[in-house]
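Residue numbers (our numbering): -8 to 128.
Note that the Cβ used here is the ideal one computed from N, Cα and C, for glycine as well.
What you are looking at is a predicted structure, and each value in this text was computed from that prediction instead of being measured.
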């Protein structure tokens, strides 16, 4: 999740965040995958939307998603795909080194463990993790 998160940082996870409202675009979530491995990625696409990556730009229903938190956009295109009900398209912020929905598919809401809310270690890096504002949608 670099540049947003760094190796060795400890996070506080809100495990009840999605009992009242569903995940939102920009949330950093922790989820499990088959085989028992947990991942941390950013929610990019929501149920019912179409996600596409073309010419280094993420498009949501054909509208470019402005992502100020990225150091480098994706170098690889991804064909348009509509997201199933109760599923989310996730990507790492280190786009060109991330294993994410482009390779393993969308995430079912039942696989989401929680939302990252706070970095508490190392102490000099403590900060809240906030949801970015987007121009699209």
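Open item on the list: So residue 141 and residue -6 are supposed to be a Cβ contact under 8 Å. How far apart are they, rounded?
Closed with: This structure gives no information on residue 141, because the portion of the chain shown stretches from -8 to 128.
Open item on the list: Please list the terminal residues of the continuous alpha helix (DSSP H) segment that includes residue 23.
Closed with: Counting from 1 along the chain shown, the entry for residue 23 is found at position 32. DSSP places residue 23 outside any alpha helix (DSSP H); the residue lies instead in the beta strand (DSSP E), whose first and last residues are 19 to 24.
Task: Contacts around residue 116, its chain only, beta-carbon distance under 7 Å, and the 5 residues preceding and following it disregarded - done: On the chain shown, position 125 is the one that residue 116 refers to. The beta carbon of residue 116 is closer than 7 Å to those of 0 and 110 in its chain, skipping five residues each way along the sequence.
Open item on the list: My parser needs the beta strand (DSSP E) runs of 3 or more residues fully inside the region 22 to 90; what are they?
Closed with: Qualifying beta strand (DSSP E) stretches, in chain order: 28 to 36, 41 to 45, 48 to 51, 69 to 73 and 78 to 82.
Task: Beta carbon of residue 93 nearer than 9 Å to that of residue 51 - done: What you label residue 93 is simply residue 102 of the chain shown in a count that begins at 1. What you label residue 51 is simply residue 60 of the chain shown in a count that begins at 1. Cβ atoms of residue 93 and residue 51: not closer than 9 Å.
- [ ] Pick out whichever of 12, 106, 48 and 41 has its Cα sitting closest to the Cα of residue 80.
- [x] Here residue 80 refers to the residue found at position 89 when the chain shown is read from its first residue. Out of 12, 106, 48 and 41, 41 has the C-alpha closest to the C-alpha of residue 80.
Task: Residue span of the alpha helix (DSSP H) that contains residue 94, given as start and end - done: Here residue 94 refers to the residue found at position 103 of the chain shown. Here the alpha helix (DSSP H) through residue 94 covers 92 to 95.
Task: Straight-line Cα distance separating residue 103 from residue 78 - done: The sequence position of residue 78 within the chain shown is 87, counting from 1. The sequence position of residue 103 within the chain shown is 112, counting from 1. For residue 78 and residue 103, the distance between alpha carbons rounds to 10 Å.
- [ ] Report the option in 121, 73 and 29 whose CA atom is closest to the CA atom of residue 36.
- [x] As a working note, residue 36 is residue 45 in the chain shown. Of the listed residues, the one whose Cα sits closest to residue 36 is 73.
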